[in-house]
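Sequences listed follow chains A and B, in order.
The working numbering numbers the first residue of the first sequence as 1 and each following residue consecutively.
The working numbering numbers the first residue of the second sequence as 1001 and each following residue consecutively.
Where a beta carbon is used, it is the ideal one built from N, C-alpha and C, also for glycine.
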Amino acid sequence: MNKHIWISFVLIVAFSLLGFFVVRGDGMGGRFPFRLGLDLVGGTELIYRADTTNVENIPDAMESLKEVIERRVNIFGVSEPLVQIERAGLLTGNPTDRLIVELPGYKDAEEAKMALGKTPVLEFRLARENAQEILKTNPNAVIDEIFESTGLTGRYLVKARVEFDSTTGAPIVGLEFDKEGGELFAKITREHKSKVLAIILDGSVISAPVIVDEISDGKAQITGSFTPVEARELVRNLNYGALPVPISHLASKTIGATLGEQALQDGVRAGIIGFALLSLFMVLWYRLPGVVASVALISYAILSLAIFKLIPVTLTAAGLAGFILSVGMAVDANVLIFERTKEELKRGKNIYDALHEGFARAWLSIRDSNISSIITAFILFWLGTSAVKGFALTLGIGVLVSMFTAITVSRTFLLAITMGEVTPLKKFLFSNGIDIFKSKTE
Amino acid sequence: MKIVQYRKIFFSFSAILIVLSLFSIFTYGFNLGIDFKGGTITEVSFDTLRPTKESVEEEISLLNLGGFSVRPSGEKNYIIRTRELSLEEGQNLVRVLGNPVVERQNTVGPIAGVELRDKAFKAVMLTILMIVLFITFAFRKVSKSVVAKDGKRVSSWKYGLATIVALLHDILIPVGVFVFLGRFYGLEIDLLFVSGLLAILGYSVHDTIVVFDRVRENLRLNDEAKKVEEFETTVGKSIAQTFVRSINTSLTLLITLTALYFVGSGATKDFALLLILGVIVGTYSSIFVASPLLVTFYKFRKASK
Chain A
1 MNKHIWISFV LIVAFSLLGF FVVRGDGMGG RFPFRLGLDL VGGTELIYRA DTTNVENIPD
61 AMESLKEVIE RRVNIFGVSE PLVQIERAGL LTGNPTDRLI VELPGYKDAE EAKMALGKTP
121 VLEFRLAREN AQEILKTNPN AVIDEIFEST GLTGRYLVKA RVEFDSTTGA PIVGLEFDKE
181 GGELFAKITR EHKSKVLAII LDGSVISAPV IVDEISDGKA QITGSFTPVE ARELVRNLNY
241 GALPVPISHL ASKTIGATLG EQALQDGVRA GIIGFALLSL FMVLWYRLPG VVASVALISY
301 AILSLAIFKL IPVTLTAAGL AGFILSVGMA VDANVLIFER TKEELKRGKN IYDALHEGFA
361 RAWLSIRDSN ISSIITAFIL FWLGTSAVKG FALTLGIGVL VSMFTAITVS RTFLLAITMG
421 EVTPLKKFLF SNGIDIFKSK TE
Chain B
1001 MKIVQYRKIF FSFSAILIVL SLFSIFTYGF NLGIDFKGGT ITEVSFDTLR PTKESVEEEI
1061 SLLNLGGFSV RPSGEKNYII RTRELSLEEG QNLVRVLGNP VVERQNTVGP IAGVELRDKA
1121 FKAVMLTILM IVLFITFAFR KVSKSVVAKD GKRVSSWKYG LATIVALLHD ILIPVGVFVF
1181 LGRFYGLEID LLFVSGLLAI LGYSVHDTIV VFDRVRENLR LNDEAKKVEE FETTVGKSIA
1241 QTFVRSINTS LTLLITLTAL YFVGSGATKD FALLLILGVI VGTYSSIFVA SPLLVTFYKF
1301 RKASK
């Protein structure tokens, strides 16, 4: 027994176990399921731009924006919602902060948009001294002209709930401030008795009561003319928190589940057929090394899929395409090596030496050409919206893994096979390819 | 093989294709998808009887959404492209069609589109730049080798330059074909298309490097053997030695891509077609354009001295 045979044995066992992990972990209960992109399972994606122009600590603000949005997303009861923040355009010198919300399996983009995009901004503002005059001269005066800010906003809210007026039975919204907000509220009501304190929601006045007395218990009521449904909605929006950063809708995407399922099936089928044809070609052209290349290709597929699961990489239609493309590229290293080996065989070297030389000499081209592919994958990843990122990731991982499997795996197997006596059969199995250009090149 | 000797024929062939592509790009212009210009794309599926295209168009025109296009897709579906629609407009659109199943409805704002277009262009340029820098670096030692009877050398940036020409060649031709297809078959330039272009760039260089690497090796071997050989001969020999590999590699890629084209999902069909074109053009260019160009660049310098 030589070491190549031992290593081959270890590799086969390792890849079999890994293959078992890839297949088995895929069930619903598996700890590492494949993460499928929206375009394969269907669902809704919403992209927002966050207006961070007036924010000092942008990463902090974005993080808390993400938290608020996640809280809101959880209302939908979607199985695996994904909320991401992204800073795009760093290199273009015009950075924008984005918020990406993915709701797999959730089809009602409109409702999602409404519920997520709604930014309830609750403010308490005092009417200016000359508010009456301003209104007289300009009936269309904006809120800023009539009311002045008090600093009391929805930020200090602890809880909102629907209550009903004890005499009229009309729904009202009860608010409870935190300690700081309660003190602020007490101060405002103490210092501005008999003035109008307007309650403004999303830029429109919902009620403008006159302050009667100091309110020191940190509680307030909004008595607009609500219907019970409106009151409940307002309470829900207030409770789920106002957004720390204003957001505006940039793009949205809805994919039906059937379309996604079809895309997934087609992608998998394309992969299997492509792989089968590829193996056939390699075996017919390169004989025994072709068989080894196919085995290396299987280990390549297993290893890549396992990595996709572990990172995890979100697989999209484009990602699947990238993976299938990388299968084709993975073979290239083997083609280079085998062609090189063939040349060495022609020079009269024995199989073992020819293989050694073939691998050694092909390495430089494999390295240099793969580096250029990795450069491309990096730039693609940077360019990326989710579809392109998926492609870049699978392509990049594919190239790296293929360098390992095409060289290590097929080398070990081939060297293990070639140990020992050189029989005519072995010679036949290795004298691969029909050298159609022989007469012209020599 | 007399590829280097007959290089002018191959150059002319490529030049004609490039001129045709440029012609197609400048006359027809890009048929940009919503990724790049903003808008809404809606795909609806009619379970029972699909209404005629005319009736769908008539219903939509009543909404006054401005210009729009309706394209049948598969047996049951229509793909409708409009300007960027608001929530209500999007819902209205589906309602007037009799509430078919919405397969997808994507909206991209115009600003995002312009931003992305800018970014995509930069990405392509950046990729080309990085790759050329990398080649110049990887082949830095090659200029030490004396290449010909006259004792001249070929500096490494010439390898980079030949690669750029091949890269532009490999991008322009598929783009030209796609612009043509866009004009007559409604194929759209979207973000996936740009990814495809970048993948082609990667592949094309990959392929070119293999040949150049062989030139590099042969030059070194000549050096070691104190053998002096015309650069033309060295390049010709290198092409011949890597020929089978180049063809086989592109064949393996074409096998998987063809599977992707015929069996893969609709979303990646155009993408697979683009890559198929790119692989063919890329393989052609590394054998018939990039490597013979090395000889041409070498001769330029020789002539000017």
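Item to check | Opening and closing residue of the beta strand (DSSP E) in which Glu-67 of chain A lies | outcome: Bounds of any beta strand (DSSP E) do not take in Glu-67 of chain A; it lies within the alpha helix (DSSP H) bounded by 58-73.
Item to check | Beta-ladder partner(s) of Glu-45 of chain A, from DSSP | outcome: Beta-bridge pairing links Glu-45 of chain A to A:Glu-102 and A:Lys-253.
Next on the checklist: Would Leu-1251 of chain B pass as an interface residue toward chain A - the criterion being a Cβ-Cβ separation below 8 angstroms?
Outcome noted: True, the Cβ-Cβ gap to chain A drops below 8 angstroms.
Checklist entry - Assuming Ala-333 of chain A contacts Ile-407 of chain A under a Cβ cut-off of 8 angstroms, what Cβ separation, rounded to an integer in Å, is found between them? => result Taking a contact as a CB-CB distance under 8 angstroms, the pair Ala-333 of chain A and Ile-407 of chain A counts as one, their CB atoms being some 6 angstroms apart.
Item to check | Bridge partner(s) assigned by DSSP for Phe-314 of chain A | outcome: Correcting the residue identity first, residue 314 of chain A is Thr in this sequence and not Phe. Thr-314 of chain A pairs with A:Arg-35.
Checklist entry - Over what stretch of residues does the beta strand (DSSP E) that includes Ala-1290 of chain B continue unbroken? => result First-last for Ala-1290 of chain B: undefined, no H or E at that position.
Item to check | Proximal residues, the stretch 327-338 of chain A versus chain B, C-beta separation under 8 angstroms | outcome: Close to chain B, meaning a Cβ-Cβ distance shorter than 8 angstroms, are the following residues of the stretch 327-338 of chain A: Val-327, Gly-328, Met-329, Val-331, Asp-332, Val-335 and Leu-336.
Checklist entry - Can you give the Cα-Cα distance for Gly-42 of chain A and Gln-1105 of chain B, rounded to whole angstroms? => result Taking the straight line joining both Cα atoms gives about 11 angstroms.
Item to check | Sequence-distant residues of its chain with Cβ nearer than 7 angstroms to Ile-1025 of chain B (five each side left out) | outcome: Apart from the 5 residues on each side of it in sequence, Ile-1025 of chain B sits with its Cβ closer than 7 angstroms to the Cβ of Val-1175, Gly-1176 and Val-1179 in its chain, given in chain order.
Checklist entry - Looking at C-beta atoms only, is the number of pairs between the stretch 368-376 of chain A and the stretch 1195-1207 of chain B that lie closer than 8 angstroms three or more? => result Verdict: yes, contact present.
Checklist entry - Using the rule of at least 16 other Cβ atoms within 10 Å of the residue's Cβ for burial, across every protein chain shown, is Met-28 of chain A buried or exposed? => result Bear in mind that the predicted position of Met-28 of chain A carries a pLDDT of just 44, short of 50, making it unreliable; the figure below should be weighed with that in mind. By the 10 Å Cβ count, Met-28 of chain A comes out exposed.
Item to check | Leu-99 of chain A: CB within 7 angstroms of a non-hydrogen atom of the ligand NAD | outcome: In terms of ligand content, the structure shown is empty, and the ligand NAD therefore cannot be addressed.
Next on the checklist: Using 8 angstroms as the threshold, is the C-beta distance between Ile-143 of chain A and Ile-134 of chain A below it?
Outcome noted: Not in contact: Ile-143 of chain A and Ile-134 of chain A (Cβ atoms no closer than 8 angstroms).
Next on the checklist: Using a Cβ-Cβ cutoff of less than 7 angstroms, which residues in the same chain neighbour Gly-370 of chain A once the five nearest sequence positions on both sides are dropped?
Outcome noted: The identity of residue 370 of chain A in the sequence shown is Asn, whereas the question assumes Gly. Cβ neighbours of Asn-370 of chain A beyond the five flanking positions: Val-399 and Met-403.
Item to check | Rounded straight-line distance, which links the Cα of Thr-1082 of chain B to that of Val-1070 of chain B | outcome: In a straight line, the C-alpha of Val-1070 of chain B is about 9 angstroms away from that of Thr-1082 of chain B.
Checklist entry - According to a CB-to-CB cut-off of less than 8 angstroms, which residues of the stretch 1180-1202 of chain B neighbour chain A? => result Cβ contacts with chain A come from Leu-1191, Leu-1192, Val-1194, Ser-1195, Leu-1198, Ala-1199, Leu-1201 and Gly-1202.
Checklist entry - Quick one: Cα of Leu-116 of chain A to Cα of Gln-132 of chain A, how far? => result Approximately 37 angstroms between the Cα atoms of the pair.
Next on the checklist: From the DSSP secondary-structure annotation, give me the bridge partner or partners of Pro-1072 of chain B.
Outcome noted: Per the DSSP secondary-structure output, Pro-1072 of chain B pairs in a beta bridge with B:Tyr-1078.
Checklist entry - Which word fits Gly-451 of chain A, buried or exposed, when buried means at least 16 other C-beta atoms lie within 10 angstroms of its C-beta? => result This structure gives no information on residue 451 of chain A, because the portion of chain A shown stretches from 1 to 442.
Checklist entry - Should Ala-1015 of chain B and Ala-1162 of chain B be called a contact, given that it needs their Cβ atoms to be closer than 8 angstroms? => result No, the pair does not count as a contact, with Cβ atoms beyond the cut-off.
Item to check | Contact list for the stretch 265-280 of chain A against chain B, Cβ threshold 7 angstroms | outcome: Correct list: Asp-266, Gly-267, Arg-269, Ala-270, Ile-273, Gly-274, Leu-277 and Leu-278.
Item to check | Euclidean distance between Cα positions of Thr-1252 of chain B and Ala-1259 of chain B | outcome: Looking at the two C-alpha atoms, the distance is approximately 11 angstroms.
Item to check | C-alpha gap between Ser-279 of chain A and Val-295 of chain A, whole angstroms | outcome: Ser-279 of chain A and Val-295 of chain A: Cα-Cα distance of roughly 9 angstroms.
Checklist entry - What distance in whole Å lies between the Cβ atoms of Thr-1242 of chain B and Val-1211 of chain B, which are believed to be in contact at a cut-off of 8 angstroms? => result The beta carbons of Val-1211 of chain B and Thr-1242 of chain B sit about 5 angstroms from each other, so the pair counts as a contact at 8 angstroms.
Next on the checklist: Is Phe-1271 of chain B close to chain A? Criterion is C-beta to C-beta, closer than 8 angstroms.
Outcome noted: Cβ-Cβ to chain A under 8 angstroms: yes for Phe-1271 of chain B.
Item to check | Environment of Val-13 of chain A [buried if 16+ CB atoms lie within 10 Å] | outcome: That one is exposed.
Checklist entry - Quick one, which of A:Arg-287, A:Leu-250, A:Glu-163 and A:Arg-125 has its alpha-carbon nearest Ala-208 of chain A's? => result Considering only alpha carbons, the answer is A:Arg-125.
Checklist entry - Does any CB atom of chain B fall closer than 8 angstroms to the CB of Leu-380 of chain A? => result Yes, Leu-380 of chain A counts as interfacial toward chain B.
Checklist entry - How about Phe-1134 of chain B: is its C-beta nearer than 8 angstroms to some C-beta of chain A? => result Closer than 8 angstroms: yes.
Checklist entry - Under 8 angstroms, do Leu-393 of chain A and Ala-362 of chain A count as touching if we go by C-beta distance? => result At a Cβ-Cβ threshold of 8 angstroms, Leu-393 of chain A and Ala-362 of chain A do not count as neighbours.
Item to check | Contacts of Ser-204 of chain A in chain C (Cβ-Cβ under 8 angstroms) | outcome: Looking at the structure shown, chain C is missing, and the protein chains on hand are A and B.
Item to check | Pair within 8 angstroms by beta-carbon distance, Phe-1068 of chain B and Ile-1079 of chain B | outcome: Cβ atoms of Phe-1068 of chain B and Ile-1079 of chain B: not closer than 8 angstroms.
Next on the checklist: For a cutoff of 8 angstroms on Cβ pairs, would you count Glu-1230 of chain B as touching chain A?
Outcome noted: Chain A contact via Cβ: absent.
Checklist entry - Residues in its own chain within less than 6 angstroms of Ser-1073 of chain B by CB, not counting five upstream and five downstream? => result If the five residues before and after Ser-1073 of chain B are omitted, its C-beta is found closer than 6 angstroms to the C-beta atoms of Ile-1079, all from its own chain and listed in chain order.
Checklist entry - If we call anything under 8 angstroms between Cβ atoms a contact, is Thr-185 of chain A one with Ala-220 of chain A? => result It is Phe, not Thr, that sits at residue 185 of chain A in the sequence shown. Their beta carbons are under 8 angstroms apart, which means Phe-185 of chain A touches Ala-220 of chain A by this criterion.
Next on the checklist: If I measure Cβ to Cβ from Leu-40 of chain A and keep anything under 6 angstroms in the same chain, skipping five residues before and after, which residues do I get?
Outcome noted: Its chain contains Gly-260, Ala-263 and Leu-264 as the residues whose beta carbon lies nearer than 6 angstroms to that of Leu-40 of chain A, once the 5 sequence neighbours on both sides are disregarded; these appear in chain order.
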